[in-house]
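Read through the structure below, which is laid out as structure tokens, and then see the notes.
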Amino acid sequence: MNQIRFDGRVAVVTGAGNGLGRDYALELARRGAKVVVNDLGGSASGVGASKDAASRVVEEIRDLGGAAVANTDSVATRAGGAAIVQTALDTWGKIDILISNAGFLRNNRFDDLTDEQIDPIIDVHLKAAFYVGQPAYRAMRAAGYGRILFTGSASAMFGHAWQANYAAGKGAMLGLSNVVALEGSAYGIQSNVILPTASSRLEGEMNTGYLEIPEFAKSLQSADFSASEGRVTPAFNTPLALYLVSEACTATHGVYSANSGRYSRVRICASEGWFAPMGSTPPSVDDIAAHFDQICTLGEYSEPMTPYDEFTAAAKAARKQGVHS
Numbered sequence: 009m010n011q012i013r014f015d016g017r018v019a020v021v022t023g024a025g026n027g028l029g030r031d032y033a034l035e036l037a038r039r040g041a042k043v044v045v046n047d048l049g050g051s052a053s054g055v056g057a058s059k060d061a062a063s064r065v066v067e068e069i070r071d072l073g074g075a076a077v078a079n080t081d082s083v084a085t086r087a088g089g090a091a092i093v094q095t096a097l098d099t100w101g102k103i104d105i106l107i108s109n110a111g112f113l114r115n116n117r118f119d120d121l122t123d124e125q126i127d128p129i130i131d132v133h134l135k136a137a138f139y140v141g142q143p144a145y146r147a148m149r150a151a152g153y154g155r156i157l158f159t160g161s162a163s164a165m166f167g168h169a170w171q172a173n174y175a176a177g178k179g180a181m182l183g184l185s186n187v188v189a190l191e192g193s194a195y196g197i198q199s200n201v202i203l204p205t206a207s208s209r210l211e212g213e214m215n216t217g218y219l220e221i222p223e224f225a226k227s228l229q230s231a232d233f234s235a236s237e238g239r240v241t242p243a244f245n246t247p248l249a250l251y252l253v254s255e256a257c258t259a260t261h262g263v264y265s266a267n268s269g270r271y272s273r274v275r276i277c278a279s280e281g282w283f284a285p286m287g288s289t290p291p292s293v294d295d296i297a298a299h300f301d302q303i304c305t306l307g308e309y310s311e312p313m314t315p316y317d318e319f320t321a322a323a324k325a326a327r328k329q330g331v332h333s
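Just so we're on the same page, this note's numbering is the position in the sequence shown counted from 1, plus 8.
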């Protein structure tokens, strides 16, 4: 088996002062990458700033013989995002890899979320993906090569009570990455989303208030964690993250989950569904009700990579169901 290496590659990892980002940065450096370690140094709720977190990781990398520089600009502003990428360009002349990882939590019930709990979460997750991603993409496009990994969350893909703000920001990574992957395909740029699962300092921002939701509480209390002991650390997520940003990986336009040592692709697909009779008259609400079970049954499914792929799938379903020749 050939070892995955990053010799000659320059990587930017945001939120790399702790947890997942720190582990990504350390392993990238161990495997030959030059790394910009970005971290504002704020708390797990996004308060404050410090140079210590990024500097400590840079010291660790250098002590191991690797190459790294620290950056403490905020990902949540356009100027900050540009400065992060410029650090890579000024230091090493290029950027090959972006892992957009920075984030924090401010949990509350959906109906109680305030602007102070919504806006900063959207800024540091969704807007930051643009603010850092756009200058990184431009440099990658000019070079004809790039790997971008956006950080999503199972809280968005599957749902987590009391995290509507966080889930909205993380769920947006799916749409963003899909478009970046499509546009980037013309310029040697790949883009994917990772759904990591790891115990981290963000857990301190969570409380058990969400147990007021009976179905959610039932899911948690009946969950089988027997395969997870000792396996929800950042290190169990790093192999997947690094593979997705490596030259060896040719996959793009995907969402991938790491949970307890299980690595899987998470798919958005469309069921064959029910096709209304041909003609320009739309079906009625009653028609939808009468065929709703068929609409919901997965059966033969398609996985559209663009909206136009769905038109093709619809025509195929119409032919199969005998309403179109």
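We put the CB at the ideal spot given by N, CA and C, even for glycine. Remember, it's a predicted structure, so these values are computed and weren't measured experimentally.
Counting other Cβ atoms within 10 Å of its Cβ, Tyr309 stays below 16 and is therefore classed as exposed.
Residues Ala76 of the same chain have their beta carbon placed closer than 8 Å to that of Arg70, with the five preceding and five following residues left out of the count. By the Cβ-count criterion, Met313 is exposed, with fewer than 16 other Cβ atoms from all chains shown falling within 10 Å of its own Cβ.
CA-to-CA, the gap between Phe118 and Thr205 works out to about 23 Å. The C-beta of Lys328 has fewer than 16 other C-beta atoms within 10 Å across all chains shown, which makes the residue exposed.
With contacts defined by Cβ atoms closer than 7 Å, Ser185 and Tyr174 do not form a contacting pair. Contact check for Arg155 and Gln198: beta-carbon distance about 5 Å, within the 8 Å limit, so the pair qualifies. Secondary structure note for Val21: its beta strand (DSSP E) is the uninterrupted segment Val18 to Thr22. When the beta-carbon positions are compared, Val132 and Gly111 come within less than 7 Å of each other. Within the same chain, and ignoring the five residues on either side of Val18 in sequence, the residues whose Cβ sits closer than 6 Å to its Cβ are Lys42, Ala96, Trp100, Lys102, Ile103 and Asp104.
Spanning the alpha carbons of Lys59 and Leu106 requires a straight line of approximately 21 Å. Under the 8 Å Cβ criterion, the stretch 282-291 does not count as touching the stretch 252-271, having fewer than three qualifying pairs. DSSP lists Ile202 as the beta-bridge partner residues of Thr159.
With fewer than 16 other Cβ atoms inside 10 Å of its own Cβ, Met286 counts as exposed. A contact is defined here as three or more CB-CB pairs under 8 Å, and the stretch 124-144 meets this definition with respect to the stretch 166-173.
Of the other Cβ atoms in all chains shown, 16 or more fall within 10 Å of the Cβ of Gly29; this residue is therefore buried. Leu113 has its alpha-carbon roughly 23 Å from the corresponding atom of Ala231. Counted as a single uninterrupted DSSP element, the alpha helix (DSSP H) harbouring Lys226 occupies residues Pro222 to Gln229. Remark: C-beta atoms of Ser279 and Leu306 approach each other more closely than 7 Å. The beta carbon of Cys277 lies closer than 6 Å to those of Tyr309 and Glu311 in the same chain, with the five residues before and after it left out. Within the stretch 84-157, the beta strand (DSSP E) runs of at least 3 residues that lie entirely inside it are, in chain order, 105-108.
Listed as beta-bridge partners of Arg270 by DSSP are Asn267.
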